[in-house]
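Numbering of the sequence shown is given in the working numbering, commencing with residue 30 and proceeding in unit increments. Presented below is the structure to which this report refers.
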Amino acid sequence: MIAIEFILELLANGWTVEEILKNYPQLRKEDVTSALKYVTKVLREEKVHPSS
30 MIAIEFILEL LANGWTVEEI LKNYPQLRKE DVTSALKYVT KVLREEKVHP SS
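As C-alpha cells, then:
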C-alpha cells in the first residue's frame, strides 16, 4: 500500500500521474485521483483560524 502523503509528495515534486503509474504499477489512475479527492475533502472540512 502506498500512502496518500507519498502520492502528494511525488506530485508536489513535479511527477506526472503517468510517471507515478509507470514507477508504481500497483497503482491505477483512479488511485491517484481518489487520493487528490480525499485530500481536497479533508482541506474543505478543515477549520482555519486566522492568526493574530
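The beta carbon of each residue, even a glycine, is placed where N, CA and C say it ideally should be.
Please confirm whether residue i and residue j have their CB atoms less than 8 Å apart.
i, j, result
"L65", "K58", "no"
Where do the N-terminal and C-terminal ends of the alpha helix (DSSP H) with residue i fall, by residue?
i, result
"I31", "Element bounds for I31: n/a, residue is neither H nor E."
"Y53", "Careful: Y53 lies outside any alpha helix (DSSP H) and carries neither H nor E."
Taking just the CA atoms, how far does residue j sit from residue i?
i, j, result
"L40", "S63", "14 Å"
"Y67", "E34", "11 Å"
"V61", "V46", "7 Å"
"R73", "P79", "16 Å"
"E22", "K76", "Lying outside 30 to 81, the shown extent of the chain, residue 22 is not represented and no answer is given."
Restricting to Cα atoms, I'd like to know which of the options is closest to residue i.
i, options, result
"N52", "L72, K76, H78, I31", "I31"
"L15", "P79, Q55, T69", "Shown here, the chain extends from 30 to 81; a query on residue 15 therefore has no answer."
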